[in-house]
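Each remark here refers to the structure printed beneath this line.
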Amino acid sequence: MFGLTGTPFQRIWCCFERAMIIHKEQGHNNDDDNSRLLLDIVTVVEDGTAVVITDGRAPHVVADLREGPKFALELKRDRELGFPLELLERAYEIDICAATAAREEDRRRILNTIQRTASSKSLSTMDSSDDNDHTATTQPKGSNEEDDELPNLKDPAFSRVNKVLRGIFAEAAARKAAEAGRIDTVIRVLQEDTERIQLTLNLGGCAHLDLTGLSNLAGHASLQQLTVDCSYSGVTNVTSLADTLSSMPSLRKLHFSFEWCTSTLEEREIVQLSDRGLASLSATLVRLRLDFTGCAFAVFLPKIEKLQYLESLVISYCYTPTAAIAKTLLGILQLRKLRELELNFRACQHG
């Protein structure tokens, strides 16, 4: 929970707890799409009202709503309307070396613990050797001579931890930033988080969604899993998606949702998604999920046969014109490593 001043971003204990939780989560390096820890952020605005940003659509709430996912997204948007984006943006400048503590001894020991832990192993592959030991998330382990020494604040480990922490809050801020036309800053922070292997951008329900800024993710060397949810949004530009995908050498899993998107896009802009984007992932991509249910613009995937290492493919064309399907089907027949295939044509339109 954060106050309007963003004090937790400046407190060493808060930074330490978040850093250790990230080490625990990334240490498992679980291949399960549902293994990612969810981050809900709460603050209290000037009138004393608590406002929360939930990570995703909050499934436990969606399950209780008969109106369906669109209503749930609208509810989420209205609920988060009062959350100040500026508060999240303060987290983009987290500097753990400048964080304070009531006792200098605590600050010194925490910095030494973070330095030692982050330096010994990659943040994205750190091993949680003892899952039953929860002390790492609440306090620095032990007290020894190393902990009492003055920390080397120039150690690159601190810069790496800063980038990871900043990326956490940038990911959480993505939707509000997109609505405010400030998604570029979010993407810049995420691009600097070079330890990141998973990224989920929940952008659903934006009235005017310009995806141009996503192209700045291109070249992210460590990213292995990318999910972009644009469902129920008014998409104004997707041309940059091809550039986004064209240089991600480690990407193995990709999920795009354009479910019930409205748009004035021209057909050729979507064709470029596969011509320049998907085709460039031919050596790495093993799982691809695309949801075009009710999408207002036609979608062609003429180069999907180039994904020769693809093992799982799920595409939904529900409530879309069938003209967008034929070329894709021909390419699928050439995917020799494909083990899982799901194509949904429910209520497809002819023409």
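Taking full-length UniProt numbering as reference, the numbering of the sequence shown is continuous, increasing by one, and the terminal residue is 351. Even for Gly, the Cβ is constructed at its ideal location relative to N, Cα and C.
Could you pull out every residue in the same chain whose Cβ sits closer than 7 Å to the Cβ of residue 180, ignoring the five residues on either side in sequence? Excluding five sequence positions before and after residue 180, the CB atoms of its chain that fall closer than 7 Å to its own CB belong to 85, given in chain order.
Determine the closest residue to residue 73 out of 83, 54 and 89, with distance taken between C-alpha atoms. It is 54 whose Cα lies nearest to the Cα of residue 73.
By the 10 Å Cβ neighbour count, where 16 or more other Cβ atoms means buried, how is residue 131 classified, buried or exposed? Summary for residue 131: the model assigns pLDDT 38, below 50, so the residue's position carries little reliability, and this model does not support an answer.
Less than 8 Å between the C-beta atoms of residue 193 and residue 237, yes or no? Taking 8 Å as the Cβ cut-off, residue 193 and residue 237 do not qualify as a contacting pair.
For residue 204 and residue 352, the rounded distance between their alpha carbons: Shown here, the chain extends from 1 to 351; a query on residue 352 therefore has no answer.
Based on Cα-Cα distance, which residue from 96, 340 and 308 lies nearest to residue 331? Taking the Cα of residue 331 as reference, the smallest distance to any Cα among 96, 340 and 308 is reached at 308.
Since residue 291 and residue 311 should fall inside the 8 Å C-beta cutoff, what is the C-beta to C-beta distance between them, to a whole number of angstroms? Beta-carbon to beta-carbon, residue 291 and residue 311 are separated by about 19 Å, too far to satisfy the 8 Å threshold.
Which of the three DSSP states, helix, strand or coil, is assigned to residue 169? Helix, per DSSP.
How big is the Cα-Cα spacing for residue 341 and residue 197? Answer to the nearest angstrom: the Cα atoms are 25 Å apart.
Whole angstroms are fine: how far does the CA of residue 257 sit from the CA of residue 87? Looking at the two C-alpha atoms, the distance is approximately 28 Å.
Can you tell me whether residue 118 is buried or exposed, with buried defined as 16 or more other CB within 10 angstroms of its CB? Looking at its Cβ environment, which holds 16 or more other Cβ atoms inside 10 Å, residue 118 is buried.
Classify residue 152 as buried or exposed, calling it buried when 16 or more other Cβ atoms lie within 10 Å of its own Cβ. When all chains shown are included, residue 152 counts as exposed.
CA-to-CA distance, residue 317 to residue 283, given in whole angstroms: Our two residues, residue 283 and residue 317, have alpha carbons roughly 26 Å apart in a direct line.
Measure the CB-CB distance between residue 158 and residue 92 and report whether it falls below 8 Å. A distance of 8 Å or more separates the beta carbons of residue 158 and residue 92.
Can you tell me whether residue 352 is buried or exposed, with buried defined as 16 or more other CB within 10 angstroms of its CB? Residue 352 lies beyond the residue range present for the chain, which begins at 1 and ends at 351; the question has no answer from this structure.
Shortest alpha-carbon distance to residue 222 belongs to which of 9, 230 and 191? Of 9, 230 and 191, the residue nearest in Cα terms is 191.
Just how far apart, CA to CA, sit residue 15 and residue 338? CA-to-CA, the gap between residue 15 and residue 338 works out to about 43 Å.
Measuring CB to CB, does residue 167 end up less than 8 Å from residue 208? At a Cβ-Cβ threshold of 8 Å, residue 167 and residue 208 do not count as neighbours.
My output table needs one value for residue 247: the three-state DSSP class, helix, strand or coil. Looking at residue 247 - three-state DSSP - the assignment turns out to be coil, as it is neither helix nor strand.
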